[in-house]
Amino acid sequence: MRELRTGRRITYLDHAATSWPKPEPVIEAVVHAMTDAGGNPGRSAHVLALAASRLILEARTDVAALLGVPDARDVAFMPGCTAGLNLALKGLLRPGDRVVVGSTEHNAVSRPLHALAQAGVRVDVVQTDSAGRIDPDAVERSVAEALTTAVVCQHASNVLGTIQPVGDLADIAHAAGAYLVVDGAQGAGHLKVNLATLGADAYVASGHKGLLGPQGVGVLYLAPGVDAVELTQGGGGSNSEDPVQPTARPDRYEAGTPNTPGIAGLAAAVRLLMAEGDAIRAEEQRLVRMLHEQLLEIPGLRVLGPPPGEERVPVLSVVHARVAADRIAFELDAKYGIAVRAGLHCAPWAHETAGTAGCGAVRFGVGYGVTQGDIELAVQAMREVCA
Ligand code: PLP
Numbered sequence: 338m339r340e341l342r343t344g345r346r347i348t349y350l351d352h353a354a355t356s357w358p359k360p361e362p363v364i365e366a367v368v369h370a371m372t373d374a375g376g377n378p379g380r381s382a383h384v385l386a387l388a389a390s391r392l393i394l395e396a397r398t399d400v401a402a403l404l405g406v407p408d409a410r411d412v413a414f415m416p417g418c419t420a421g422l423n424l425a426l427k428g429l430l431r432p433g434d435r436v437v438v439g440s441t442e443h444n445a446v447s448r449p450l451h452a453l454a455q456a457g458v459r460v461d462v463v464q465t466d467s468a469g470r471i472d473p474d475a476v477e478r479s480v481a482e483a484l485t486t487a488v489v490c491q492h493a494s495n496v497l498g499t500i501q502p503v504g505d506l507a508d509i510a511h512a513a514g515a516y517l518v519v520d521g522a523q524g525a526g527h528l529k530v531n532l533a534t535l536g537a538d539a540y541v542a543s544g545h546k547g548l549l550g551p552q553g554v555g556v557l558y559l560a561p562g563v564d565a566v567e568l569t570q571g572g573g574g575s576n577s578e579d580p581v582q583p584t585a586r587p588d589r590y591e592a593g594t595p596n597t598p599g600i601a602g603l604a605a606a607v608r609l610l611m612a613e614g615d616a617i618r619a620e621e622q623r624l625v626r627m628l629h630e631q632l633l634e635i636p637g638l639r640v641l642g643p644p645p646g647e648e649r650v651p652v653l654s655v656v657h658a659r660v661a662a663d664r665i666a667f668e669l670d671a672k673y674g675i676a677v678r679a680g681l682h683c684a685p686w687a688h689e690t691a692g693t694a695g696c697g698a699v700r701f702g703v704g705y706g707v708t709q710g711d712i713e714l715a716v717q718a719m720r721e722v723c724a
């Protein structure tokens, strides 16, 4: 439980939407960027611009180190995971190409794929089971049906918590000469990611969820040689005389002035995760397991996704047989000051897969700073709201 400056108390269990509160070093880094490094990076040569350039260089190096990227130039900063996924998908796929994708995707994937389908890309969905587990054999069979340009998957579901077998899917995609594009929004930070070995050709992370950074920043990793066409040109400081967008990474993908304060905050968060990530992840897992087991004891409550004991990210969605999801979320907020999210969570496919598209669900997102007391309060509140 935290107290806002207004005096209002809040138990924040909406980490899958965005992490809150941000760690103190993140806030300090944002302020530092705006006060002491407030120039435009990569443009002018005065002290404030150089400080901003240095800050971004170091941030890129740290993000690459956290995610196991050997060459930091393969990391591009984005305005978010959605922007990075749009770039990866639209930058790699052309009319006539084919994509194989799982059935639990967020609309940051399903909407760009819908737009691409209208432009002549064939999109084939492989149905997962109702817990969101994709069967690699089913993906392999689908890939074998026709020439495939890309397999697209989530690292983890933002509704069901299910973790996908990314390494197996990479092997299947590569054996067929296809790319593997991974939506890492719910993976990075909550899971240890090593992009040197994971096998993803494109991996996109959200800066503001498990990575604990500010909103408005994300990370796009493109493996060496993966030639995604940039979606935006211009606005950058390198090769000013040239009419075309630079082809060198990361400049190719970072048109315009970057979100320097956001990137500074993300870098501070990444340093925290490098020092304490294992402990943070262990505590998230302990608390989500406790929440899971205790919620299962509430009569009429169904917990979506894999059962306790099976691995998941710290996301837990529930539906009650009688009390509507939005009613539960409203009462948790109004009566107990507990912040969760009800509805379809930008992921109608995942809810169709779980059989909850008609009613939606209440999602608990556990993350950095959540305490056992928060979980106990949430369980007690759920017992009362669902009684
Ligand atoms: N993909 C998944 C699975 C998500 O949960 C989200 C955020 O809700 C996104 C993509 C979009 O991330 P961002 O907010 O960084 O654009």
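Residue numbering for the sequence shown follows our numbering, beginning at 338 and increasing consecutively.
Note that the Cβ used here is the ideal one computed from N, Cα and C, for glycine as well.
Take Leu385, set aside five residues on each side of it, and the residues of its chain with a beta-carbon closer than 6 angstroms to its own are Gly375 and Gly376, in chain order. Taking 3 residues as the shortest admissible run, the segment 506-559 contains the following complete beta strand (DSSP E) segments, listed from N- to C-terminal end: 516-520, 539-543 and 555-559. For Thr419, the CB falls within less than 7 angstroms of some heavy atom of ligand 1. DSSP places Tyr705 in the coil class of the three-state scheme, outside both helix and strand. Ile675 is bridged by DSSP to Thr348. In the DSSP assignment, the residues bridged to Arg639 are Val656.
The beta carbons of Gly555 and Pro416 sit about 7 angstroms from each other, so the pair counts as a contact at 8 angstroms. Taking 7 angstroms as the cut-off, the C-beta of Gly555 counts as close to a heavy atom of ligand 1. Residue nearest to Pro432 within the set Val438, Ser440 and His451 is His451 (criterion: CA-CA distance).
Between Leu392 and Ala605 the beta-carbon gap is near 10 angstroms, outside 8 angstroms, which marks them as no contact. Two segments are said to touch when three or more pairs of C-beta atoms, one from each, lie closer than 8 angstroms; by this definition the segment 533-552 touches the segment 355-372. According to the DSSP assignment, Cys490 belongs to the beta strand (DSSP E) that extends over Ala487 to Gln491. Scanning Tyr540, Val488, Ala366 and Val476 for the CA closest to the CA of Asp434 turns up Val488.
Of the candidates Ala445, Ala454 and Leu559, Leu559 places its Cα closest to the Cα of Val412.
The C-beta separation of Asn495 from Val707 comes to about 17 angstroms, leaving the pair out of contact by the 8 angstroms criterion. Residue environment: Asn531 is assigned as exposed (fewer than 16 neighbouring CB atoms within 10 Å of its CB, all protein chains considered).
Per DSSP, the continuous beta strand (DSSP E) segment holding Gly439 begins and ends at Arg435 to Gly439. Here the C-alpha atom of Lys546 lies approximately 9 angstroms from the C-alpha atom of Gly524. Taken from the Cβ of Ser467, every heavy atom of ligand 1 lies 7 angstroms or farther away. Distances from the CA of Ala687 to each of His629, Gly642 and Tyr349 were compared; the closest alpha carbon is that of Gly642.
The three-state secondary structure of Glu340, taken from DSSP, is strand.
Annotation: Val462 is outside any alpha helix (DSSP H); the continuous beta strand (DSSP E) that includes it extends over Arg459 to Val463.
Val412 carries a strand assignment under DSSP once its states are collapsed to helix, strand and coil.
Relative to ligand 1, the nearest heavy atom lies less than 7 angstroms away from the CB of Asp520. Look at Ala698 here: in three-state DSSP terms it is strand. Within the segment 549-615, complete beta strand (DSSP E) segments of at least 3 residues are found at 555-559, given in chain order.
Within the same chain, and ignoring the five residues on either side of Leu610 in sequence, the residues whose Cβ sits closer than 8 angstroms to its Cβ are Leu403, Gly526, Leu548, Leu549 and Ile617.
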